[in-house]
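Engineer:
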Amino acid sequence: MTGAPPPGGAPPRPPDWAALDRRLDAVPGTVSAYVGRLDATPAWARHPDATHYAASTMKIAVLAALHRAADPDRAPATTPLDLDAPVPVVNDFASARPGAPRFTCARTFDNDDAVWQRLGDRASLRWLAERMIVRSSNLATNIVLAHVGLPAVDRVWTAAGARHSVTGRGIEDFAAREAGTTNLVTAADLAALLDALATGATRPGPLAAPAACAAMLDVLAAQEHRDDLAAGLPDGTRIAHKSGWVRGIRHGAGVVYPTDAPPYLVVVCTTVDPAASRDVDACALVAEVSAAAWAARHHLP
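Taking numbering that gives the first Met the number 0, I'd label the letters of the sequence shown as residues 0 to 300.
What follows is the structure, given as structure tokens:
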């Protein structure tokens, strides 16, 4: 598997980050990346503050907002949410654009039949949040977002120390999109958010209680879409991650847990001209950076 140690078990050599930069310079678009240990400056970063359309990576912040809303010490409401209480599974949402009609999700754009099969029934917020991450369900995301609210997601970004990322609307809120309201991320901000979750699982942090952070990491580790970051790792390597993609966009953001080195962050955001997207194997690019980070795992400062 790409990124595995050489025969004999010798530690891999540090990667040539400059050569990787030159390789990524040839991509017809913007490739941002961040590789580094937890709670440390990056070992390598490339356009870390360039903004990209978030695609489904914004679901990490929605997940954190939900768990904060269930925490009596952090919930903005008087009564914290009960994550195990059943809520209606609906496909009808308020637009972020004032005065715009309500909107719905299209099943053809979703990745999870399990949520759609419960339409008109009820499910717990915890289950919906799991489907939002594990299968990247758009319908589940909008239901969770309706219960926590967009301002709660903004507070997550702020608490994590993000500087440029925003979650301005739900998924498929086309009226808001046409008005210029969008969802943006940067590689550095996604790294900061995941860093806050990973360090918060072992000590009190800004996002949530340690048990909640650990639970969120477990959900992220169960993601079933493994054709980008996870593809650059040896089989069986634990990675708590989230992918995001639409035409011309492919992102991967995760925390990798080697058995022979401390955990590290790896984030790759790719944005290419949709007209050129058929000529770019974005999954392979993300996996290539992931493999380089794995090869450097013993050498990250």
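From the three backbone atoms N, C-alpha and C, an ideal C-beta is built for every residue, glycine too. It should be emphasised that the depicted structure is a prediction, and the values quoted were computed from it without experimental measurement.
Considering only residues of the stretch 196–255, which uninterrupted alpha helix (DSSP H) runs meet the minimum length of 4 residues and lie entirely inside it, listed in chain order?
Structural biologist: Fully enclosed alpha helix (DSSP H) runs of 4 or longer: 209–220.
Engineer: For the stretch 13–78, list the beta strand (DSSP E) runs that are entirely contained and at least 3 residues long, ordered along the chain.
Structural biologist: Counting only runs of 3 or more, we get 28–36, 43–45.
Engineer: So, are the CB atoms of Ser164 and Asp227 less than 9 angstroms apart?
Structural biologist: No, these two residues do not count as a Cβ contact at 9 angstroms.
Engineer: Distance check for Leu149 and Glu287, CA to CA, integer angstroms please.
Structural biologist: Cα to Cα, Glu287 sits roughly 34 angstroms from Leu149.
Engineer: Distance, Cα to Cα, His66 vs Ala211?
Structural biologist: Rounded to whole angstroms, His66 to Ala211 spans 7 angstroms at the Cα level.
Engineer: Based on the DSSP output, what are the partners of Thr107 in its beta bridges?
Structural biologist: None, per the DSSP bridge assignment.
Engineer: In chain order, which continuous runs of the beta strand (DSSP E) of length 3 or greater are located wholly inside the stretch 87–170?
Structural biologist: Counting only runs of 3 or more, we get 121–123.
Engineer: Within a Cβ cutoff of 8 angstroms, which residues of the same chain sit near Ala105, ignoring the five residues on either side of it in sequence?
Structural biologist: Excluding positions up to five away in sequence, the list reads Glu171.
Engineer: If we count the other Cβ atoms within 10 Å of its Cβ and call it buried at 16 or more, is Ala25 buried or exposed?
Structural biologist: Exposed is the call here.
Engineer: In angstroms, rounded to a whole number, what distance separates the CA positions of Pro6 and Thr258?
Structural biologist: For Pro6, the pLDDT reaches just 41, beneath the cut-off of 50, and the residue's location in the model is therefore unreliable, leaving the point undetermined.
Engineer: Using a Cβ-Cβ cut-off of 6 angstroms (strictly less than) and excluding sequence neighbours within five positions of Ala283, which residues of its own chain qualify?
Structural biologist: Once the five neighbours on either side are set aside, Ala283 has no close Cβ partner at all.
Engineer: What do you reckon, are the CB atoms on Met57 and Val133 nearer than 9 angstroms?
Structural biologist: It is not a contact, given that the beta carbons lie outside the stated cut-off.
Engineer: State the CB to CB distance for the pair Gly35 and Pro41, rounded to an integer number of angstroms; the pair is presumed to be in contact (CB under 8 angstroms).
Structural biologist: Contact flag correct, Cβ pair sits at about 4 angstroms.
Engineer: What number of angstroms, rounded off, separates the C-alpha of Ala122 from the C-alpha of Ala221?
Structural biologist: Ala122 and Ala221: Cα-Cα distance of roughly 19 angstroms.
Engineer: State the beta-bridge partners of Leu183 as determined by DSSP.
Structural biologist: According to DSSP, which records beta bridges pairwise, Leu183 is partnered with Tyr52, Val165.
Engineer: What's the call for His250, buried or exposed, on a 16-neighbour Cβ count within 10 Å?
Structural biologist: Buried, because 16 or more other Cβ atoms sit within 10 Å of the Cβ of His250.
Engineer: Need the endpoints of the alpha helix (DSSP H) that Leu284 sits in, please.
Structural biologist: 281–294 is the span of the alpha helix (DSSP H), which, as asked, contains Leu284.
Engineer: Rounded to a whole number of angstroms, what is the C-alpha to C-alpha distance between Tyr52 and Arg162?
Structural biologist: Looking at the two C-alpha atoms, the distance is approximately 15 angstroms.
Engineer: According to the Cβ coordinates, are Ala294 and Pro79 closer than 9 angstroms?
Structural biologist: No; because the gap between Cβ atoms is not below 9 angstroms, this pair is not in contact.
Engineer: Tell me whether the stretch 173–180 and the stretch 96–115 touch, counting them as touching only if at least three CB pairs, one residue from each stretch, are closer than 8 angstroms.
Structural biologist: Flag = yes, the stretch 173–180 and the stretch 96–115 touch.
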